[in-house]
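> Let me begin by handing over the structure; questions about it come next.
4 protein chains.
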Amino acid sequence: MIISMRLHSTKEEIEQVCERIRDFGYKIHAIEGEERVVIGAVGTGDTTACLESVEAMPQVEKAVRISAPYKFVSREYRSERTRVRVDGCEIGGDEFVVMAGPCSVESEKQIMQAAEGVARAGAKLLRGGAFKPRTSPYDFQGMEEEGLKLLAKAKRATGLAIITEVMSDRDVDLVADYADVLQIGARNMQNFALLKTLGKCSRPVLLKRGMSSTIKELLMSAEYVVAHGNPNVILCERGIRTFETVTRNTCDIVAVAVLNELTHLPVILDPSHATGKRSLVPALGRAAVAIGADGLIVEVHPAPEKAMSDGAQSLDMPQFQAMMRSLGPYIDLWKESRVTEAAAAV
Amino acid sequence: MIISMRLHSTKEEIEQVCERIRDFGYKIHAIEGEERVVIGAVGTGDTTACLESVEAMPQVEKAVRISAPYKFVSREYRSERTRVRVDGCEIGGDEFVVMAGPCSVESEKQIMQAAEGVARAGAKLLRGGAFKPRTSPYDFQGMEEEGLKLLAKAKRATGLAIITEVMSDRDVDLVADYADVLQIGARNMQNFALLKTLGKCSRPVLLKRGMSSTIKELLMSAEYVVAHGNPNVILCERGIRTFETVTRNTCDIVAVAVLNELTHLPVILDPSHATGKRSLVPALGRAAVAIGADGLIVEVHPAPEKAMSDGAQSLDMPQFQAMMRSLGPYIDLWKESRVTEAAAAV
Amino acid sequence: MIISMRLHSTKEEIEQVCERIRDFGYKIHAIEGEERVVIGAVGTGDTTACLESVEAMPQVEKAVRISAPYKFVSREYRSERTRVRVDGCEIGGDEFVVMAGPCSVESEKQIMQAAEGVARAGAKLLRGGAFKPRTSPYDFQGMEEEGLKLLAKAKRATGLAIITEVMSDRDVDLVADYADVLQIGARNMQNFALLKTLGKCSRPVLLKRGMSSTIKELLMSAEYVVAHGNPNVILCERGIRTFETVTRNTCDIVAVAVLNELTHLPVILDPSHATGKRSLVPALGRAAVAIGADGLIVEVHPAPEKAMSDGAQSLDMPQFQAMMRSLGPYIDLWKESRVTEAAAAV
Amino acid sequence: MIISMRLHSTKEEIEQVCERIRDFGYKIHAIEGEERVVIGAVGTGDTTACLESVEAMPQVEKAVRISAPYKFVSREYRSERTRVRVDGCEIGGDEFVVMAGPCSVESEKQIMQAAEGVARAGAKLLRGGAFKPRTSPYDFQGMEEEGLKLLAKAKRATGLAIITEVMSDRDVDLVADYADVLQIGARNMQNFALLKTLGKCSRPVLLKRGMSSTIKELLMSAEYVVAHGNPNVILCERGIRTFETVTRNTCDIVAVAVLNELTHLPVILDPSHATGKRSLVPALGRAAVAIGADGLIVEVHPAPEKAMSDGAQSLDMPQFQAMMRSLGPYIDLWKESRVTEAAAAV
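Protein chains in written order, with our numbering: chain A, 1 to 346; chain B, 1001 to 1346; chain C, 2001 to 2346; chain D, 3001 to 3346.
Here it is in structure tokens:
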């Protein structure tokens, strides 16, 4: 922790600040510059509390944290990749995993068609929302438990594992009864009551980045889940909100590479929400493989123009099959690089 | 609803789109331009569903909503201002209302000192968090029910009404037992499970704008609460997230004026979170009065440098008193303009 | 300057970094933390060059500047406000100065009507573009020198000083022949060739904040002009680009208060570009007075619906007169606070 | 063009708006909805002028453009890709083109080493700045003409074509004497005086996207150059400014795919400025190939830690060679897809 004093601070003011820092259990190193004094604080106290306290002192110009505020999710804590085991596959391991399916579960026919189609094309998990976060109270809010039952049925028919969203800590147990992976949507990335409850859940969690959340905040939210007991967290980049409106969001694809440096958790990408436009999904999917994501989550609907939500960004079955085929040679290169990486680590 | 077809669409493609729109109960007006066909859809069907459906059709370039997607909260639905009655005062009425207090309830002594101080300076509500949304799982998470009890005690001692945050639909009943106004934090503005529960609650709700939420999304979230049964919603601008980092957030002060045009709900401003810096709070408070906000919510702590959260943006008691004095002549002008407005409406 | 080393850096690596820093003329203070080493560098060398050099070293985690990168424009360099004298008035002094007029000079009749109208209502400067930065090459690009001549004519008729935009270093001399203040538009805030030329010009400069420029970058651009010889710079907040689209830009009104802390240069606000919508201009104008701006620049047109640019955000004459009247009592409070400030400084 | 009237507009008000639109040469189609009237305007008049004029009318709610505001750069104007010929190669054709070199030309030794290194690794153009846009007036501003001469020397020695930045319309002729491609930096994307001058220049232009410019604004700036006579424009995505600060900018990689749909001009990506961090450059480079960019521009320096600018994002020679090798198999896939595309177009 580095504290920079205001210009012309008196010795007394500097000593007051040092006193406060020592109260938090830190050792002090003061550096007298030409213009101002800078204080280095070294130790293992409660950094946030100390930072906020000294920042509130009028003689302090600014206080900067040096160490990362997360621990369990960092590469420094664990250098090898976390492999999250889901019924039938492993995310973060040797396979590039595709999750696919409709935005919402709408009917038995729709979800069964979707499941069969995406399984045939090579997806390993079926996505589909039963509880839907909708901006308007007048929009379709999901089939709720009825939808979960249909997902379970689709699983029995196809062998696909199920990933679906949970929106309230109240629903975690219910959704965990049906789903293999619990998805936390972008709007709930900082729903801390929900994150704590997920920490006590035995299912893996897919945590989507909030649309105005920084990469560090995403890691802090993952840290909530892990610190509360659940190490199986998968991160997901799905686009952030910027001034650009041609696409639904702006895909921060470099976040995948940054996260690969900072954390051992697997990272996947959602090209459907990141673009909002069907025609852009396959190209972004290829880029995600090339940059080293661990998988994709893609919206696919048997009849997008009849979808109750997100139709414009959903692929139909032939489009999804074509996309999977076009990803093939890129996934081959991806596997080679994982082998090289593993060899280098030995 | 206006649908613009791609260039060179065939008659057949256009007819398919028209067919789809009619299925949703709309009437069709097609306009043949020099380059492309534009379709106007008129009616009272489910606009979102229809929009998403036609947008998903490959021959459609884009589809634009013309009517506002909210109803109950709009000025068109109700032209006169909503006055939200809280124990002892009215927000949205003839008085400019200041809410003040610490970020977190930390101890009996702290909250009693804070309450007495802000009451003496002219605040009408006491703010203080018992459930705290913190980015890090290792930061102070609030005193929970114990904190609520201390707030109730401060209310008995000072007569101030209480506003405090609720973070989960599970806690709404508990918090409503103690608080006069339930605060929804920026991170929960689109926690739809929570919004629905608040719709069934009898307490007024203060809804803070999400840090990357548009003004329209804020209104849609308010619409959730109102449509589910609770008309007493107060909106709050507290700064949005932008590229600028000198301040904690960027205060979109014009949002206050925009909301005054679009909705009848009261709008207040939070100059503490909007700036993150104590020295900027009073100046922004004056600007908020001048632009026509209905009130302020301000962080005040008896000893900011000892605060467990948000110390750098908290005023101490003398600073808050000075701010309240400096607001005085601006509030006088504010009252005059409300009288003029009321006279004009007759 | 503070340099934080990567975890587990060796003594040798640390010494290499220290060596590099010393090469730039700094003294070194190393702090050994529990986890990593932090190096403080003290001195008066070329900070940017040194920062960039050490940041490029693989063993360095990050390097942070402590001192501000600007000098002449800082409050620390000069504590009293700079008063920019323009023909007939002073910006940054005891008067709140309003500049007003059309977006573009379109004809003699239009600019004369505008000039007479805004003069009568109390404006001190006439604005009007002769060189227009337009997003599209097919839009009206301005009357160029012909427009400058009409501005000069309007000045002779009304006594108003003239402010108009210059877009290229090639045109600085020409525009300076006619204008009292040279305006640099948001898109040219970092046109460094232009800034350098303005440094050698004898006219005051109004520097508008770029739509994605930070407050510090605005100050750095002002520093360019001042360091190249021209101390008469007026800063202007005109809204930044964010995700919100209801308004044309998002007015960062707090920037005015921040700039008042960081610099001695005068700061005005442009409520027309900040909102893009006529109905919001007067309310934002009041807020700008309340937060302590030194003036306003407002788009006014005798017939906004016939304007060749920016009609939707232009006030007509009766609207501008009404706005000026409504600002009156706020300006009275503004003057009182300037008197108080001056008394306190003695 | 679609104009939506305010609620409860009178017949007279609607007729006034229609009259105005007809004055601009459009035909009118009015649609009477349940709540409001919407007017479709069809024709080939000056859309911007008409839009701005009707938007300025008080009875108009909003006015929306349907047709794209650019013409020559659109795919609709020209469906096949533009191939920009530069000495020795073609951008937008059958080869993936890499441009590489240091941020600034610093000395003969440095630029010659850089040129030989990048040529050997497979680059086709040498980049290097002689005129440098620097945020601070105290930073290194470039070697100017001296630097251009060194670039010419490096070209003679290696056969690489030269790309270098021009910052003022005054310098266009000078820079064009030495460079094969003129680069327009992000800060000058809307320097319209410069764009017009480039339109009359015979050299190809590389136009970098402004850091807060939309994709449509980038196309409009390209339209300036093309409409003024120069069809050889290459677009470049180099990251936009968002709230995320872990990377220097946020790479909007999807912009490449969007531009491929909207324009026939070639599009390259700058992974160095997009990330600001050396370790992220190769991964982003691979993603750029996979998404279909036409090339890359990469910062490479013989000794990054001694660079006078941008050292932290510059690769050294072995790193650049490794990157080029790792791109190989992705470029092979890229070529296959171009062949497939060409075959499909026949």
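Cβ coordinates follow ideal geometry from the N, Cα and C atoms, glycine included. What you are looking at is a predicted structure, and each value in this text was computed from that prediction instead of being measured.
Please report the residue range of the alpha helix (DSSP H) in which M323/A lies.
The residue given as residue 323/A occupies position 323 in the first sequence. First-last of the alpha helix (DSSP H) with M323/A: M317 to A345.
> What residues match up with E2090/C in a beta bridge as DSSP calls it?
Within the third sequence, numbered from 1, the residue matching residue 2090/C stands at position 90. In the DSSP output, where bridge partners are listed per residue, E2090/C has R2085/C.
> State yes or no: is the beta carbon of H3029/D nearer than 7 angstroms to at least one beta carbon in chain B?
The residue given as residue 3029/D occupies position 29 in the fourth sequence. At least one chain B Cβ lies under 7 angstroms of H3029/D.
> Shortest alpha-carbon distance to A1154/B belongs to which of G1093/B, L1174/B, D1180/B and R1081/B?
By 1-based counting over the second sequence, the position of residue 1154/B is 154. Here the closest residue by C-alpha is D1180/B.
> Can you find at least 3 beta carbon pairs, one from the segment 1039-1053 of chain B and one from the segment 3028-3042 of chain D, that sit closer than 8 angstroms?
yes
> Taking Cβ-Cβ distances shorter than 8 angstroms, what residues in chain A pair up with A3274/D?
As a working note, residue 3274/D is residue 274 in the fourth sequence. Going along chain A in sequence order, the residues near A3274/D (Cβ under 8 angstroms) are V254.
> Output yes if chain A places a C-beta closer than 7 angstroms to the C-beta of M1220/B; else output no.
Here residue 1220/B refers to the residue found at position 220 of the second sequence. Yes - at least one Cβ of chain A is within 7 angstroms of the one on M1220/B.
> Give me the DSSP bridge partner(s) of A1100/B.
Sequence index remark: in the second sequence, residue 1100/B carries index 100 (1-based). Beta-bridge pairing links A1100/B to L1126/B and V1298/B.
> Compare the C-alpha of R3027/D against each of S3168/D, A3255/D and I3002/D and name the closest.
The sequence position of residue 3027/D within the fourth sequence is 27, counting from 1. Here the sequence assigns Lys to residue 3027/D, which means Arg is not the residue at that position. Closest option to K3027/D, Cα to Cα, is I3002/D.
> Given G1093/B, which residues of its chain have a CB within under 6 angstroms of its CB, disregarding the five upstream and five downstream residues?
Translated into the one-based positions of the second sequence, residue 1093/B becomes position 93. Contacts found: R1083.
> Spell out whether any CB of chain B is found under 7 angstroms from the CB atom of R6/A.
Walking along the first sequence from the start, residue 6/A turns up at place 6. With its beta carbon at least 7 angstroms from every one in chain B, R6/A lies outside the interface.
> Residues of chain C with a CB under 7 angstroms from the CB of T1247/B: which are they?
Along the second sequence, read from residue 1 onward, the residue named residue 1247/B stands at position 247. Near T1247/B (Cβ distances below 7 angstroms), the residues of chain C are V2254 and V2258.
> Need the endpoints of the beta strand (DSSP E) that T2275/C sits in, please.
Position 275 of the third sequence, counting from 1, holds the residue named residue 2275/C. It is not in any beta strand (DSSP E) - T2275/C instead sits in the alpha helix (DSSP H) that spans P2271 to T2275.
> So which residues on chain B does G2199/C lean against when the C-beta distance must stay under 7 angstroms?
Position 199 of the third sequence, counting from 1, holds the residue named residue 2199/C. Listed along chain B, no residue sits closer than 7 angstroms to G2199/C by beta-carbon distance, the nearest being about 25 angstroms off.
> Can you tell me which residues form a DSSP beta bridge with V2064/C?
Numbered from its first residue, the third sequence carries residue 2064/C at position 64. Answer by DSSP bridge pairing, in chain order: I2002/C.
> DSSP on K1132/B, reduced to helix/strand/coil?
Within the second sequence, numbered from 1, the residue matching residue 1132/B stands at position 132. Coil, per DSSP.
> Once DSSP output is grouped into helix, strand and coil, what is the label at C3050/D?
Position 50 of the fourth sequence, counted from the first residue, corresponds to residue 3050/D. In this structure, C3050/D counts as helix in the three-state DSSP scheme.
> R2036/C touches chain A at which residues, Cβ-Cβ below 9 angstroms?
Numbered from its first residue, the third sequence carries residue 2036/C at position 36. Under the 9 angstroms cutoff, chain A gives I66 and S67.
> In chain A, which residues lie with their C-beta within 7 angstroms of the C-beta of R3286/D?
The residue you call residue 3286/D lines up with position 286 of the fourth sequence. The answer, in chain order, is A290 and I291.
> Our contact map puts V2097/C next to K2132/C with C-beta atoms below 8 angstroms; I'd like the distance itself, whole angstroms only.
Residue 2097/C sits at position 97 when you count from the first residue of the third sequence. Residue 2132/C sits at position 132 when you count from the first residue of the third sequence. With 8 angstroms as the limit, V2097/C and K2132/C do not qualify as a contact, their Cβ atoms being about 24 angstroms apart.
> At 8 angstroms on the CB atoms, spell out the chain B contacts of E3076/D, in chain order.
Locating residue 3076/D in the fourth sequence gives position 76, counting from the first residue. Chain B residues near E3076/D: L1007.
> Using the rule of at least 16 other Cβ atoms within 10 Å of the residue's Cβ for burial, across every protein chain shown, is G347/A buried or exposed?
Any question about residue 347/A goes unanswered here, given that chain A covers just 1 to 346.
> Measure the Cβ-Cβ separation of A1157/B and A2257/C and say whether it is below 7 angstroms.
Within the second sequence, the letter at position 157 stands for residue 1157/B. Within the third sequence, the letter at position 257 stands for residue 2257/C. No, the Cβ-Cβ distance between A1157/B and A2257/C is not below 7 angstroms.
> Under the DSSP definition of a beta bridge, which residues are partnered with H1029/B?
The count along the second sequence starts at 1 and reaches residue 1029/B at position 29. H1029/B is bridged to G1040/B.
> Can you tell me the Cα-Cα spacing of I2291/C and V2254/C, whole angstroms?
As a working note, residue 2291/C is residue 291 in the third sequence. As a working note, residue 2254/C is residue 254 in the third sequence. Roughly 8 angstroms between the two C-alpha positions.
> Just the chain C side, please: which residues come within less than 7 angstroms of T242/A by C-beta, in chain order?
Here residue 242/A refers to the residue found at position 242 when the first sequence is read from its first residue. Neighbours of T242/A on chain C, chain order: F2243.
> Tell me whether the segment 2270-2283 of chain C and the segment 2310-2317 of chain C touch, counting them as touching only if at least three CB pairs, one residue from each stretch, are closer than 8 angstroms.
yes
> Would you verify that the beta carbon of D177/A is, or is not, closer than 7 angstroms to some beta carbon of chain B?
To locate residue 177/A, count along the first sequence from 1; it is residue 177. It does not; no Cβ of chain B falls within 7 angstroms.
> Quick check on DSSP: helix, strand or coil for A2161/C?
Stepping through the third sequence from its first residue, residue 2161/C is reached at position 161. Looking at A2161/C - three-state DSSP - the assignment turns out to be strand.
> For the beta strand (DSSP E) that contains V2289/C, what are its first and last residues?
Counting from 1 along the third sequence, the entry for residue 2289/C is found at position 289. V2289/C -> not in any beta strand (DSSP E); alpha helix (DSSP H) instead, spanning V2281 to I2291.
> Please identify the residue among T3250/D, C3251/D and R3127/D whose C-alpha is closest to the C-alpha of R3101/D.
Along the fourth sequence, read from residue 1 onward, the residue named residue 3101/D stands at position 101. Before going further, note that residue 3101/D is Gly rather than Arg in the sequence given. Answer by Cα proximity: R3127/D.
> CA-CA distance, V2233/C and K3196/D?
Along the third sequence, read from residue 1 onward, the residue named residue 2233/C stands at position 233. Along the fourth sequence, read from residue 1 onward, the residue named residue 3196/D stands at position 196. Taking the straight line from one Cα to the other gives about 28 angstroms.
> To the nearest angstrom, report how far apart S1213/B and T245/A are at their CA atoms.
As a position in the second sequence, residue 1213/B is number 213, starting the count at 1. As a position in the first sequence, residue 245/A is number 245, starting the count at 1. Spanning the two alpha carbons is a distance of roughly 14 angstroms.
> Which residues in chain C sit within 8 angstroms of N3188/D, going by Cβ to Cβ distance?
In the fourth sequence, residue 3188/D corresponds to position 188, counting from 1. What N3188/D touches in chain C: N2191.
> Nearest chain B C-beta to T48/A closer than 7 angstroms, yes or no?
Taking the first residue of the first sequence as 1, we reach residue 48/A at position 48. Judged by the 7 angstroms Cβ criterion, T48/A is in contact with chain B.
> State the beta-bridge partners of C2236/C as determined by DSSP.
Looking up residue 2236/C in the third sequence gives position 236. Partner(s): K2208/C and I2268/C.
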